[in-house]
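Numbering (UniProt numbering), first residue to last: 1 to 582.
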Amino acid sequence: MAIQFQLKLFVPQLELTILALFGRKIQLLPLGAPQSRPMIQEGSISLPSSISAESYLQAKAYYFMCVIHAMGHILYSTPMDAQGYKNRQLVMVSLIEDARVETLLINQYPGLKQQFKSCFVKPNSDSNDFDSIAYGVAYGILNSSYESSNYIVSKALNAFRSLSFNELNDAGLSLRLGLQLANDIGQMRISMNERTEFTIVDYRDDNQYLWQQVEPVLAEGTSSDGNENISDYDARSFKESFAEREVSALSETAPNEEGNLVFKEVPEHSDNELRNKASTLASLCYKEWDYKIARFKERWCSVDVFKPIDDQAKHTNLLDHLHAQLVFKLYKLISSYQQNRWKQKAQKEGDELDLEAVVNTLVDLRSGRIHSDPNLYLKIQSDHHQDIALLVLLDLSESMNQTYLDSEISILKNTEQSTLVLSSLLDKLDHSYAVHGFNSDGRHHINYYELKGFAEQGDVLSSRLPNLTAQYSTRLGAGVRHAYTEIAQRQETHKLILVITDGKPSDIDVYDENYLIEDAKVAVREVENKGIKTFCLALDTDGENDYTQQIFKPGHYGILKDPNKLTDTLVNLYLKIFKAFM
């Protein structure tokens, strides 16, 4: 009978094994979903959080094989540029690279060969389909006595078995042999099923580590054909009349009107008041997950980081009397949670009398024992738990300009007010926090705004929030990845990212509505795997919100049906989060 075994049972022993065998200190992290394929990242290996196995030893052997294979890549693999290759070619190059690093590991520790071989079963036939050919090659490289009647498998095995040790140490070998193998398969008109993720054996990782450059972001001023960048042209801002949402797209020849789309010509970014009134801090590139090919597109998204200027003319204080009372109430409540108190008895000085010490002293005095300097006081000590860093990430997309049915207040303005209330509470508690916002105008133009940095005082929000403008779209995965970059630098023990959004991830250059949802889900999983908690407060204005539960873990999101309750919900959510870490 199969039993579920948790990764955490094996982590200490596995990490010691890695240290003993390879002299490397590698962190082992749980993947968000059980039975997922292992992933390799810089300095860490992510493994399924749990597996189903017949025994403890079987589960232990599986995790052992996962980390040994992953260490082979960390030690011997060099990330390759995947640009221009077909999926079939990527799979075959990865297959040869898997075999190469395992062969090098076996040369170092011969006892590993039997361990690797035990994960395979001998093929029943020499079928000529893609999966059978790939499996036959992988099996035959580990089993030198295996001979295949399949021409492609036999050719690949002969090529690999003839390699010298020096040739095996050539990192470019896998690319050459893998491409030749893929070419042979292509010549035979053998197709690959690209709708499902390709797996030979489950202990091997997803090979994302091998492919670090799927498509580079173009340098400023150039395009893919070397011509002048289209950012020098005018953009055309258009409104989707059927969706009541304005976005913008770059086009030199777009018509002024077509179907349900109404166009108006504007200079690129001319209507981005927030961006124009901000100083640029950095421009960074981030990967993005493409669920259709089950791979990351490395350096796919360009994130521009801005710091809005302070506008004292628009300085405001939205903290009214009722909200001030709410802040004070929650401050007292959280203060009681975050302070542990204990009493030191029989002190010379203190905060109150120690009744037990007083009684003992009186008894001693009546018994003739005199205390020259009696210790009669209690000293109260306290320990404040303020080891939390919170990053609030605001969705600043166009849909935030919507108003409620029974109010003239937009979602954006309500969010500003709620953020100020939360900021006031965090200032009183002396907790570390930052408030950032983001929107996107295609993958090359993701705007990220540091409205308040961790080192800044909360009152800067009073002169920056009134300048907020909601525009463009919501590329959530890129926003979360940069938020991680910001908060990962903090020294606090507990780090949290709280996303406030009103709509599903979308952008003007993405037409598959599931694409950015899947990317956001992977981004959140990555952040969680690195020890940073993510939460989401979704403002549900249309009653359709299934994407939030797809992206965030159960218990890590809230869906607000009545936006007028945003302030109360937000501060109480922080109370709930805080108590969870006490």
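All residues carry an ideal CB built from backbone N, CA and C; glycine is no exception.
query	result
Could you give the C-beta distance for leucine 95 and alanine 138, rounded to a whole number, given that I count them as a contact under 8 Å?	6 Å
Could you pull the start and end residues of the beta strand (DSSP E) that lysine 113 belongs to?	First-last for lysine 113: 112-117, but that is the alpha helix (DSSP H), not the beta strand (DSSP E).
How many Å lie between threonine 469 and phenylalanine 306 at the Cα?	14 Å
On the DSSP letters alone, give me the boundaries of the beta strand (DSSP E) that glutamate 349 sits inside.	Per DSSP, glutamate 349 belongs to no beta strand (DSSP E) and is neither H nor E.
Would you list the residues sitting across from threonine 501 in a DSSP beta bridge?	Ala538
With H, G and I counted as helix, E and B as strand and the rest as coil, what does DSSP make of isoleucine 26?	coil
Indicate whether cysteine 301 and alanine 488 have their beta-carbon atoms separated by less than 9 Å.	no
Residues in its own chain within less than 8 Å of lysine 565 by CB, not counting five upstream and five downstream?	none
Are the region 38-51 and the region 88-102 touching by the rule of at least three beta carbon pairs closer than 8 Å?	no
CB-CB under 6 Å to valine 522, same chain, minus the five flanking residues each way: which ones, in chain order?	Trp289
Please list, in chain order, all residues of the same chain as serine 279 whose beta carbon is under 8 Å from its beta carbon, the five residues on each side excluded.	Phe306, Lys307, Ile309
If you drop the 5 nearest sequence neighbours on each side, which residues of the same chain put their C-beta closer than 6 Å to that of aspartate 519?	Glu288, Trp289, Gly477
Please classify alanine 219 as buried or exposed, where buried requires at least 16 neighbouring CB atoms within 10 angstroms.	Residue placement at alanine 219 cannot be trusted, given a pLDDT of 34 that sits under 50; the coordinates are not used to answer.
To the nearest angstrom, how far is the alpha carbon of glutamine 187 from that of leucine 181?	10 Å
What separation, rounded to the nearest whole angstrom, lies between the Cα atoms of valine 358 and phenylalanine 552?	57 Å
Of all the beta strand (DSSP E) runs that stay within the bounds of the region 398-465, which reach a length of 3 or more residues?	432-440, 446-452
Leaving aside the five residues before and after glutamine 167 along the sequence, list all residues of the same chain whose C-beta is less than 7 Å from its C-beta, in chain order.	Residue 167 is actually glutamate in this sequence, not glutamine. Around glutamate 167: Leu173.
Look up glycine 186 in the DSSP assignment and say whether it is helix, strand or coil.	helix
So what's glutamate 298 in DSSP terms, helix, strand or just coil?	strand
Would the region 71-84 and the region 23-33 be scored as touching if the rule is three or more Cβ pairs under 8 Å?	yes
So if DSSP puts histidine 494 in a beta bridge, which residue, or which two residues, is it bridged to?	Ile388
Is proline 308 helix, strand or coil when you go by DSSP?	strand
How far does the alpha helix (DSSP H) with serine 154 in it extend, from its first residue to its last?	151-161
Does the structure place the region 143-156 close enough to the region 119-127 that three or more beta carbon pairs sit under 8 Å?	yes
Please list, in chain order, all residues of the same chain as serine 55 whose beta carbon is under 8 Å from its beta carbon, the five residues on each side excluded.	Ile3
Taking buried to mean at least 16 other C-beta atoms within 10 Å of its own C-beta, is aspartate 512 buried or exposed?	exposed
So the alpha helix (DSSP H) tyrosine 61 belongs to, where does it begin and stop?	The sequence given here has alanine at residue 61, not tyrosine. Its alpha helix (DSSP H) spans residues 56-76.
Quick check: what's the CA-CA separation for lysine 60 versus glycine 140?	26 Å
Under a three-way DSSP split, which group does leucine 281 fall into?	strand
In the DSSP output, which residue or residues are listed as bridge partners for alanine 53?	Ile3
Taking 9 Å as the threshold (C-beta atoms), are leucine 391 and valine 421 in contact?	no
How many angstroms separate the CA atom of lysine 530 from the CA atom of cysteine 285?	19 Å
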